[in-house]
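What follows is a set of notes on a single structure, which appears directly below.
Numbering (the working numbering), first residue to last: -13 to 225.
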């Protein structure tokens, strides 16, 4: 039975790989060093979707954001098809570094987050415009799709003591509400990560991360946004 079960799992994995054969992974930078711009797209456009990531912590951090936005504007050989953004938790957890304070009200902290987000969105828009102008001779005029994963709910019962006063779901909601009009004006689509995580606080071992079913559901929703033809493999519980 164990052997048959392993074979079944292996077949499911192969099915998922074949279904997502248009995905490829680009190894991200190991450190916060210079951004490595995208290379030219594949000859037959649409054959490959390359995935990469950078570990961005705060809504706006000039020392980190400016170098890669400058490289995107001035050096990238092609624009990505999509840019997925996700931040807010560290702005909640480390308010001093985020331009606020732990003693500030929910409204004040949300306003500080909104101001930082507006700076980032403005600079990102400028970088994309500059890249499009530079690449126009190659008929590269398609703007990347922009998506933002909203701030998730906080499972307070699982937080360590030092985080309890800093993180709570009221603040998550306030951050999401403050961000919504800014993202809408910037043409950024929002994927709601809050609702499902708030419904399953028992799924979080540390109060902020939701491994297992919640994360798999979020991953599937994101994949469906990026690859509209992507569907969960029959009977699969993995993303």
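For every residue, glycine included, the Cβ atom is placed at its ideal position computed from N, Cα and C.
In this text the structure is predicted, and so the values were computed from the model without any measurement.
In this structure, 156 is the residue among 129, 156 and 50 with its C-alpha nearest to the C-alpha of residue 142. Within the DSSP bridge table, the entry for residue 132 names 69 and 174 as partners. For the pair residue 136 and residue 169, the Cα-to-Cα distance works out to about 11 Å. Around the beta carbon of residue 193, 16 or more other beta carbons sit within 10 angstroms, so the residue counts as buried. The stretch 91 to 109 makes contact with the stretch 37 to 47, as at least three CB pairs between them are under 8 Å. Here residue 203 is near residue 182, since their CB atoms are less than 8 Å apart. In the DSSP annotation of this structure, the continuous segment of the alpha helix (DSSP H) that includes residue 77 starts and ends at 75 to 79. The three-state reading of DSSP puts residue 200 in helix, counting H, G and I together. In terms of Cα proximity to residue 147, the closest of 79, 38, 72 and 56 is 79.
Collapsing the DSSP output to three states places residue 161 in a helix.
Rounded to the nearest whole angstrom, the CA to CA distance from residue 83 to residue 51 is 15 Å. Per the coordinates, the alpha-carbon of residue 112 lies some 8 Å from the alpha-carbon of residue 59. Residue 175 and residue 145 have their C-alpha atoms some 30 Å from each other.
If you compare the alpha carbons of 158, 68 and 123 with that of residue 97, the shortest gap goes to 158. Secondary structure note for residue 124: it is in no alpha helix (DSSP H), with a DSSP letter that is neither H nor E.
In this model, residue 128 and residue 67 are separated by some 8 Å (Cα to Cα).
For residue 153, there is no enclosing alpha helix (DSSP H), as DSSP gives it neither H nor E. In this structure, residue 130 lies near residue 65, with their beta-carbon atoms less than 8 Å apart. Closest by C-alpha distance to residue 179, out of 151, 171 and 134, is 134. For the 8 Å CB-CB criterion, residue 62 and residue 117 form a contact.
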